[in-house]
Every structure is written in C-alpha cells, then in structure tokens.
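A.B. asks:
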Amino acid sequence: MRSIEISTDNHFIDDLQNHTAISICVVKEHWDAYSQQAAWSRALVTRLDLAGGELKIHGATIRGQLLRDLAADLYRYQCRVNRDGFSIRRDSANGEYRRLNEMFPWYKYGVTPRFETPWDRLELSNDRKVIVDSSGAKAEVEGMRRREEELRREIGEKIRDLKEKEREWKGKEEELRREIGDNVRDLEEKEEEVRERDGKLKEKECEWEKKEAELNRKIEERDRVLEEKEGALKKKDRAIQGLKNALAALTEP
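Numbering follows my numbering, with no gaps: position 105 of the sequence shown is 131.
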C-alpha cells in the first residue's frame, strides 16, 4: 500500500479524471504563481492510485472508499484543493484559475483544517498573486478559531457533565448492588430458616409416626390379651356349666 502525506499548504490535490488516481501538484513558490495550466503540469509531484493507496492530511488517513469518494468530489467540483480546504477552479473560458470562496468539505473525510495560512477573497488569475490579507480573512479565521475554542469549551463542559453523571450512576449502581446483596442475604437466611423448620417438622413427623406405631402395637397387645381372657372366661363358663349339669344329674330322684 502506497501512502502520501500532504505536509505543506502549497500542495494541491486533483482528480486525474480517469477515476483511477489523484494527482498532487505543488507551486514553485509558497502562495505565489498559481496561474497557468502549464505551470501545474510542470509542477506535478506525483500520482496516487485509488486502489491500494492512502492519503494522510493533518493526522487523518483517507483510504479505500473514502479515497474514491474524494476523487469523485474533486471531479464533480472541478477544482484543486489544499489540505486546509482552499480551492481553485480552472475557468473554461480563458484557462485561468480562480479562487473559490467556498471551503472544501474536508470534514466528510475526517480531516480537521488548521487554517495556518489564510487567503483573502481575491480571485486567482494567471497574473495576480494571492495575498494574505491581514484584516478580513484573518478576522474571519480568528472568528473561526474563537468559535472552535467555544465549541471546545462546550464539549469540555459536556464531557465533565457526562463524567459527573457517570460517577452518579456508578454510585447508584454500587448502592443497588449493596441493596441487592442485602436482599440476597436476607433470602438466603430465610431459606435457611425454612430448611431448619422443615427439618424440625420431619423430626416431629418421625416422632409421631413412632408414637403411633407404639400405640398401635399396644392396642394390638391389649386386644390379644382381651381375647385370651375372653377365651379363658368362656372355658370357665363351660366348666361351670358342666359342673352344674353333673350336680343336677346327681340330685335327680
């Protein structure tokens, strides 16, 4: 995989219009002589194939589908763009390059421009130098930087709020864990009490079963004794009756 890093502001990226590669061009002097097509052709630094290539800008890496999307955007806008989003477009009528006021949407590719070299609002022609304006463009960039600082502060505050909420949730989570742990221990203790009661009930049941068996045994023993006594009484009754019969026979005339 080939990797190219755009490390200076005077490097411009362009689609080669064959949708297979992009070109990286550089001017002879920094922020000077962005002019004729011939100058661009002579200043061609290199080309980067879309297949297997990657482009590094301000710490972001563009590869694969993002790199193909970048080439498609450059072809659609018909412009060349540097790493901070400043763009020029070739005028088809006279072949001159003109400065575009719209910034290139680098955010779509994860690139954060730094705006280290602001441009003014002048158009770029083949005999006009680009001037770094010390008032309008600089004020605009300063405003963007202030807005960036405000956004950073807002993001910092939101991050602090999120961290505070995270600490609160962690505290609540820990409290819930303790409460759940207490409830679990209570349930375990109650289960142990129920098991102890079940054990005692089983012991009582065993005792009652033993007592019932002993009572049944005694009842059976009593019935047996009563039967024996009843049999003995019947035997005595028969003996007495026999004696009575014998006595009656003796006393008859």
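Beta carbons: idealized from backbone N, C-alpha and C, even for Gly.
#1: Just list the residues that DSSP pairs residue 105 with in beta bridges.
#2: Rounded to whole angstroms, what is the Cα-Cα separation between residue 129 and residue 100?
#3: Can you tell me whether residue 113 is buried or exposed? The criterion is at least 16 other CB atoms within 10 Å of its CB, across all chains shown.
#4: Is it true that the CB of residue 73 sits closer than 8 Å to the CB of residue 47?
#5: Compute the Euclidean distance between the alpha carbons of residue 267 and residue 250, then round it to the nearest angstrom.
#6: Just the Cα atoms here: how many angstroms apart are residue 237 and residue 224?
#7: Is it the case that the Cβ atoms of residue 92 and residue 76 are separated by a distance below 8 Å?
#8: Can you give the Cα-Cα distance for residue 198 and residue 187, rounded to whole angstroms?
#9: May I have the straight-line CA-CA distance separating residue 127 from residue 182, to the nearest angstrom?
#10: What is the DSSP secondary structure of residue 80, reduced to helix, strand or coil?
#11: Grouping DSSP H, G and I as helix and E and B as strand, with all else coil, what is residue 72?
#12: Mapping DSSP to helix, strand and coil, what is residue 31?
#13: Roughly how many angstroms lie between the CA atoms of residue 229 and residue 263, to the nearest whole one?
#14: Buried or exposed: where does residue 137 fall if 16 or more other Cβ atoms within 10 Å of its Cβ makes it buried?
#15: When we look at the beta-carbon of residue 208 and count the other beta-carbons within 10 Å, is it buried (16 or more) or exposed?
#16: Consult DSSP for residue 41 and reduce its assignment to one of helix, strand or coil.
#17: Which residue comes first and which comes last in the beta strand (DSSP E) that contains residue 138?
#18: By Cβ distance, which residues of its chain are closer than 6 Å to residue 106, with the 5 residues on each side in sequence left out?
#19: Determine whether the beta carbon atoms of residue 292 and residue 83 lie at a separation below 8 Å.
#20: Compare the Cα-Cα distances from residue 134 to each of 95, 103, 226, 102 and report the closest residue.
#21: Please report how far the alpha carbon of residue 23 lies from the alpha carbon of residue 260, in whole angstroms.
#22: Using 8 Å as the threshold, is the C-beta distance between residue 90 and residue 28 below it?
#23: Starting from the Cα of residue 175, find the closest Cα among 191, 140, 254, 111 and give me that residue.
C.D. replies: Considering the structure as presented:
#1: The secondary-structure analysis by DSSP pairs residue 105 across a beta bridge with 115.
#2: 13 Å
#3: buried
#4: Yes. Within cutoff.
#5: 26 Å
#6: 20 Å
#7: no
#8: 16 Å
#9: 31 Å
#10: strand
#11: Three-state DSSP puts residue 72 in a strand.
#12: strand
#13: 50 Å
#14: Per the 10 Å Cβ criterion, buried.
#15: That one is exposed.
#16: In the three-state scheme derived from DSSP, where H, G and I count as helix and E and B as strand, residue 41 is classed as strand.
#17: Premise fails: residue 138 is in no beta strand (DSSP E) and is neither H nor E.
#18: Correct list, in chain order: 38, 40, 114.
#19: The first residue shown for the chain is 27 and the last is 279, placing residue 292 beyond what the model contains.
#20: 95
#21: Nothing in the structure corresponds to residue 23, since the chain is present only between 27 and 279.
#22: no
#23: 140
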